[in-house]
Amino acid sequence: MENKKTKLTISGSPKKSFKDFSSPKPQGKNLSSSNRGFSKPTGKGTFKKPTGSGFRPSGSNFGKSPNFKPKFPSSSPSTLSDFERRKLAEQRATKRLKGDTDKDKKGKVDTNKKRDAKLTVSRALSDEIETRERSLASVKRARQKELKNSNKDEDKENLKPVKRDVNIPEAITVRELANRMAEQSSNVIKYLFGMGVTVTINQTLAADTAEFLVKEFGHNPIREEKAEEIIQKIKESRTENLKNRAPIITVMGHVDHGKTSVLDVLRSANVVSGEFGGITQHIGAYQVENGKDKLTFIDTPGHAAFTEMRARGSKLTDIVVLVVAADDGVKPQTVESINHAKAAKVPIVVAINKCDLPEADPQKIKNQLLEHELIAEDLSGDTLMVEISAKTKLNLDKLVEAISLQAEILDLKTDFESKATGVVLESKIDVGRGPVATIIVTSGTLKRGDFFVSGLKWGKVRAIINDKGKNIDKAPPATPVEILGINGAAKSGDDFIVLDTEKEAKSLSENRAQESKDGKNPLSFASQESAFSDKSSEELNLIIKSDVHGSSEAIKNAITQIKHDEVKPKIILADIGMVTETDVTLAKASNAVLIAFNVKPSKEAKKLAENEGIKISSYNIIYEVLDYIKQKMSGLLSPDVQETITGTAQVLEIFKVSGAGKVAGSKITEGEITSTSDVRVIRDGAIIYTGKISTIFREKNQVKQVSSGQECGITLKDYMDFQKDDTIEAFSVTSTERSI
């Protein structure tokens with residue numbers, strides 16, 4: 008207790024020397040020797056008595072006398088404390104190296120930690136210095152370095168060029184090619200510039216050039232197959248599970264020989280009554296039942312303009328029925344039909360129609376057909392010929408038997424289970440139903456909901472309508488049907504192929520459209536004759552709207568046959584569907600003739616045409632259209648002008664008359680001159696003036712006519728500069744209109 012009091016007395020002493028001692032700097036660092044009274048050895052807030060043989064006050068005198076003053080040597084305390092600190096640091100370092108845990112680690116951070124970590128002589132001489140643990144910072148740096156090196160290796164691997172398979176179509180733009188190679192378009196263009204080829208990003212490259220570029224950029228080029236090759240493969244792959252199908256028969260022949268009438272009797276319908284002028288101008292397809300068997304008939308037009316329709320019918324068909332009128336004989340379209348059938352290598356069955364007429368001569372027909380290598384069976388040939396009459400239904404059963412026999416010989420088979428393929432016979436745009444395509448299924452079974460491609464168009468089968476106008480769910484091979492759901496009017500003669508998905512159908516249609524676009528060459532080169540010819544021929548602009556594609560095609564082909572040196576027809580637009588406001592606007596802008604064939608203009612188009620003064624010419628028969636176009640072309644021809652000299656006068660003297668001016672005193676040397684004649688003044692062989700006579704005077708009297716040998720005074724309108732020996736020549740002009 009006494010000691011405690013002594014301590015309290017010492018710590019509470021107001022002496023100046025203890026004041027400095029009890030208030031050291033909070034950092035815990037040693038003070039300099041000049042101003043420190045005592046140094047804190049451990050950096051803690053409480054004073055610790057140093058251990059060892061250092062400063063120790065005597066116990067007898069310490070604290071007993073109030074006048075006691077402790078004496079601190081100036082040099083020994085600092086020396087001892089430094090030594091002791093080194094020993095303590097050495098002990099701590101030794102403990103740490105040996106693995107002893109520092110209990111004070113969790114406590115307050117030692118102010119001498121930095122000094123403890125420094126290398127001392129004793130630590131350097133120790134053998135265990137090598138077992139020093141790595142700092143966390145060092146480990147962290149090592150890990151970062153290792154991660155950085157591994158990232159570099161990965162980057163190097165990623166920087167290696169990726170070799171891609173690049174599909175190359177027949178034509179591709181620079182942009183699309185760069186996208187497929189995953190290269191920048193600028194790099195591709197730069198490379199082509201280096202080759203001396205100047206291109207833009209939207210320039211189309213040929214397949215060979217694109218293939219070369221793909222190889223140069225380190226990729227693998229794969230040439231895409233053409234759309235036609237893909238379709239051909241699809242067709243070839245569908246030839247399994249073959250079954251007998253109905254034959255497809257095309258009825259051909261000259262116009263008005265009774266083709267449609269024969270079909271009417273076979274299918275018990277009256278198509279002829281609905282045809283304008285008794286001429287078939289569309290392809291019609293019908294199916295006739297013959298007992299258990301079915302026969303599919305295609306009716307083709309016989310008019311000369313419908314050559315392509317007949318050619319299309321012969322390509323699709325299995326058997327051709329050639330209808331020849333017994334009273335008319337073999338005509339040009341009959342011969343053409345025979346040639347089409349032979350080109351398609353299709354057997355021909357001849358139906359000699361109108362045998363009920365008194366002037367009918369079937370034997371004459373058979374003899375005429377011999378010239379075209381069609382020899383009847385009764386003349387030791389192999390061509391089936393049947394004498395029929397559509398009016399009296401004579402021998403129609405024999406015709407059906409002959410067709411069935413020919414079909415049996417051909418042994419027609421196809422696959423019923425596969426996806427359907429077919430041929431477009433006709434197409435039109437129906438009001439309310441949209442685009443409608445008439446097709447014949449050639450193989451497979453067509454079902455509602457199928458996706459298909461037809462030429463450049465595609466679609467989904469929304470409805471299937473048979474030849475009797477009934478909706479059906481599926482159509483087997485050799486069935487003529489109408490299809491709804493196509494995205495535009497297909498061309499007649501286009502193929503019809505059913506595909507698995509909408510994506511396939513759409514992509515194939517787009518590929519076809521692209522190929523057809525690339526195949527077109529819009530450049531027209533001038534020939535030597537056209538480049539240096541002075542004559543520029545007139546053009547008659549035409550806009551033709553028709554009901555079906557076949558009619559439009561026939562009209563276009565017929566118009567191209569109309570040729571003339573001075574005027575030529577130019578078809579601006581030939582489309583199907585009714586006449587719309589757009590057509591009227593186009594006709595006005597291009598000064599074109601607007602023709603509607605078997606279609607009517609819409610109300611809006613009719614009103615606009617009346618307001619703009621545009622004439623819409625409507626026709627139902629094809630040769631009337633051609634006659635109208637010829638008439639319009641004739642109107643563009645310049646008329647034939649013929650000039651006839653009626654009289655000649657020689658100027659003998661010139662008189663000045665008040666009120667009349669100069670009067671040419673002349674003598675009529677040839678013919679006669681009237682007061683209404685056109686005249687020209689000729690001087691030294693050159694025509695000076697051409698105009699009309701104003702007045703003719705004879706002995707101061709005005710006359711209407713002067714004959715040869717007589718003298719007269721002549722004044723001309725707007726001309727008085729007469730000279731002696733001028734010749735006044737009177738002439739008349741007659742113009743006649745020309746026609747094509």
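In our numbering, the protein residues as written are 8 to 747.
The beta carbon of each residue, even a glycine, is placed where N, CA and C say it ideally should be.
All values reported here derive from a predicted model rather than from experimental measurement.
According to the DSSP secondary-structure assignment, Ile196 is paired through a beta bridge with no residue. Exposure of Leu412 is indicated by the presence of fewer than 16 other C-beta atoms within 10 angstroms of its C-beta. Membership of Ala671 in any alpha helix (DSSP H) is not indicated; the residue belongs instead to the beta strand (DSSP E) covering 668-681.
Taking the Cβ atoms as the reference, Ile196 lies roughly 6 angstroms from Val181, within the contact range of under 8 angstroms. Comparing alpha-carbon positions, the option among Gly716, Lys250, Asp437, Glu560 lying closest to Ala656 turns out to be Gly716.
For Thr399, the three-state secondary structure derived from DSSP is coil. Below 8 angstroms, enough C-beta pairs join the segment 476-489 and the segment 447-464 to call them touching: three or more. Non-local beta-carbon contacts of Asn708 in its own chain, meaning distances under 8 angstroms to residues more than five positions away in sequence, are absent. Where Phe604 is concerned, the enclosing beta strand (DSSP E) starts and stops at 600-604.
For Thr651, the closest of Asp725, Val327, Asp685 by C-alpha to C-alpha distance is Asp685. Contact between the segment 382-395 and the segment 355-366 is present: three or more C-beta pairs spanning the two stretches fall below 8 angstroms. Per DSSP, the continuous alpha helix (DSSP H) segment holding Pro369 begins and ends at 369-377. Considering only Val555, Glu394, Lys349, the residue with the shortest C-alpha distance to Lys371 is Glu394. Among the bridge pairs identified by DSSP, Arg92 is matched with none. When the Cα atoms are used, Arg745 and Ala667 turn out to be separated by approximately 43 angstroms. At a Cβ-Cβ threshold of 7 angstroms, Ala214 and Ile175 count as neighbours. Nearest in C-alpha terms to Lys622, of all of Ala599, Glu611, Ser641, is Ala599.
Taking C-beta atoms under 8 angstroms as the contact rule, Ile747 and Ser641 qualify, at a distance of about 5 angstroms. Where Asn618 is concerned, the enclosing alpha helix (DSSP H) starts and stops at 610-619. The beta strand (DSSP E) runs lying completely inside the segment 327-370 and spanning 3 residues or more are 355-360, given in chain order. In the DSSP assignment, Ser597 falls within the unbroken alpha helix (DSSP H) covering 588-597.
Take Leu615, set aside five residues on each side of it, and the residues of its chain with a beta-carbon closer than 7 angstroms to its own are Glu588, Val591, in chain order. Closest in C-alpha terms to Val658, from the list Leu643, Tyr626, Ile345, Asp732, comes Asp732. Between Val262 and the set Arg274, Gly225, Ser275, Asp335, the nearest pair of CA atoms involves Asp335. Thr428 and Ser157 have their C-alpha atoms some 60 angstroms from each other.
One thing to note: Pro576 has its Cβ within 7 angstroms of the Cβ of Leu547. Taking 3 residues as the minimum length, the beta strand (DSSP E) runs contained wholly in the segment 487-524 are 487-493, 502-506, in order along the chain. Note on Thr449: 16 or more other CB atoms within 10 angstroms of its CB, so buried under the neighbour-count rule. Distances from the alpha-carbon of His226 to those of Val169, Val206, His264 put Val169 closest. In this structure Met727 is exposed. Its beta-carbon is surrounded by fewer than 16 other beta-carbon atoms within 10 angstroms.
Between the segment 494-512 and the segment 432-439 there are three or more inter-stretch CB-CB distances shorter than 8 angstroms, so the stretches are counted as touching.
A Cβ-Cβ contact shorter than 7 angstroms links Ile179 with Leu212.
Excluding residues up to 5 positions away in sequence, Arg687, Val688 lie with their Cβ nearer than 8 angstroms to the Cβ of Ile694 in the same chain.
The closest CA to that of Arg440, considering only Val327, Phe729, Ile493, is found on Ile493. Secondary structure note for Thr207: it is in no alpha helix (DSSP H), with a DSSP letter that is neither H nor E.
Secondary structure of Arg455 (DSSP, three-state): coil.
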